[in-house]
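Undergrad:
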Amino acid sequence: MGKRSSSPSKAAIVDAWKDWLEWDLDEPRCFACDKPAYSDYRGNNYRKRWEQAHLEKAHIIPHALSGPNTPDNYFLLCSECHRLAPTTAYREDFLKWAKAQNYITRRLETIRSELNTFLSDPKEQEQFFKWSSHLSYDDLKDMLSKHKDLFTTHGSSMPASTFVAMLVRIWREQTAS
Ligand SMILES: [Zn+2]
Numbered sequence: 001m002g003k004r005s006s007s008p009s010k011a012a013i014v015d016a017w018k019d020w021l022e023w024d025l026d027e028p029r030c031f032a033c034d035k036p037a038y039s040d041y042r043g044n045n046y047r048k049r050w051e052q053a054h055l056e057k058a059h060i061i062p063h064a065l066s067g068p069n070t071p072d073n074y075f076l077l078c079s080e081c082h083r084l085a086p087t088t089a090y091r092e093d094f095l096k097w098a099k100a101q102n103y104i105t106r107r108l109e110t111i112r113s114e115l116n117t118f119l120s121d122p123k124e125q126e127q128f129f130k131w132s133s134h135l136s137y138d139d140l141k142d143m144l145s146k147h148k149d150l151f152t153t154h155g156s157s158m159p160a161s162t163f164v165a166m167l168v169r170i171w172r173e174q175t176a177s
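Heads up, the sequence shown is in UniProt numbering, so the first residue is 1 and it goes up one at a time.
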């Protein structure tokens, strides 16, 4: 006892939420948005995989609102969800929020708002969508390698703004000719 101030391990948090999580525990993911989390551990022990997954321990009821350091008062979240999560004394509000998160929808919404930035005309957006719906992943890779002196990534990921800006420019180029 007397260790009240230390937070539980990630594995203990996963154990506390086993029944709530709707996917295979072998694959660490953000508890809220389901985004897969990278883990440095490559073995078969799922608890170790979670322990080393790139997820943040987030209080459900914040410490400042007297939330306890018990595993069931924690969630494992990606950094984006951690930034967006509610900080209230109402546990059910946190869980309601968590249930509503979806990283694919979030990504698409980002793309939609970036599209409004780079291509604001609704008619053009429609034509752009028609054009882009015929693109394959290989087409995208081709475009990126062809334009590698103009567009790049942040490490291994491409920001949505780059993705949209690049596609809109290529679309304009192809429809102008
Ligand atoms: Zn998340």
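Don't be surprised by glycine CBs; every beta carbon is placed ideally from N, CA and C.
What you are looking at is a predicted structure, and each value in this text was computed from that prediction instead of being measured.
Would you check whether ligand 1 has a heavy atom nearer than 6 Å to the C-beta of Lys35?
TA: For the purposes of this step, residue 35 is taken as the residue at position 35 of the sequence shown. Within the cutoff, so yes.
Undergrad: Can you check DSSP and say which residues form a bridge with Arg29?
TA: As a working note, residue 29 is residue 29 in the sequence shown. Answer is Pro36, bridged to Arg29.
Undergrad: Tell me whether the beta-carbon of Cys81 lies closer than 7 Å to the beta-carbon of Ala32.
TA: Numbered from its first residue, the sequence shown carries residue 81 at position 81. Numbered from its first residue, the sequence shown carries residue 32 at position 32. Going by C-beta atoms, Cys81 is nearer than 7 Å to Ala32.
Undergrad: Contact between the stretch 117 to 130 and the stretch 161 to 176: three or more CB pairs below 8 Å?
TA: A contact exists between the stretch 117 to 130 and the stretch 161 to 176.
Undergrad: Keeping to the same chain, check which residues put their C-beta closer than 6 Å to that of Glu114; ignore five residues upstream and five downstream.
TA: Within the sequence shown, the letter at position 114 stands for residue 114. Same-chain partners within the cutoff: Ala160, Ser161 and Val164.
Undergrad: If you draw a straight line from the C-alpha of Asn45 to the C-alpha of Lys10, how long is it?
TA: Residue 45 sits at position 45 when you count from the first residue of the sequence shown. Residue 10 sits at position 10 when you count from the first residue of the sequence shown. Their backbone Cα atoms lie some 13 Å apart in a straight line.
Undergrad: Output yes or no for whether 7 Å exceeds the beta carbon distance between Ala58 and Leu84.
TA: Mapped onto the sequence shown, residue 58 falls at position 58. Mapped onto the sequence shown, residue 84 falls at position 84. No, the pair does not count as a contact, with Cβ atoms beyond the cut-off.
Undergrad: Beta-carbon within less than 8 Å of Met1's beta-carbon, same chain only, minus the 5 sequence neighbours each way: which residues are those?
TA: Counting from 1 along the sequence shown, the entry for residue 1 is found at position 1. Low confidence applies to Met1: its pLDDT is 44, below 50, so where it sits in the model is not reliable, and the reading given next is rough at best. Around Met1: no qualifying Cβ.
Undergrad: Let's test the definition: count the other Cβ atoms within 10 Å of the Cβ of Lys35 and tell me whether it reaches 16, buried, or not, exposed.
TA: Here the question's residue 35 lines up with position 35 in the sequence shown. Lys35 is buried by the Cβ-count criterion.
Undergrad: Along the chain, which unbroken stretches of the beta strand (DSSP E) at least 3 residues long are found entirely within the stretch 56 to 132?
TA: Fully enclosed beta strand (DSSP E) runs of 3 or longer: 56 to 59 and 74 to 77.
Undergrad: Could you tell me if the beta carbon of Ala100 falls within a distance shorter than 6 Å of some heavy atom in ligand 2?
TA: Ligand 2 is not among the ligands present in this structure, which contains only ligand 1.
Undergrad: What first and last residue would you give for the alpha helix (DSSP H) that runs through residue 178?
TA: The first residue shown for the chain is 1 and the last is 177, placing residue 178 beyond what the model contains.
Undergrad: Rounding to the nearest angstrom, what Cα-Cα distance links Gly67 and Asp24 in this structure?
TA: Within the sequence shown, numbered from 1, the residue matching residue 67 stands at position 67. Within the sequence shown, numbered from 1, the residue matching residue 24 stands at position 24. Their backbone Cα atoms lie some 28 Å apart in a straight line.
Undergrad: Would you decide whether Trp50 is buried or exposed? Buried here means 16 or more other CB atoms lie within 10 Å of its CB.
TA: For this step, residue 50 is matched to residue 50 along the sequence shown. That one is buried.
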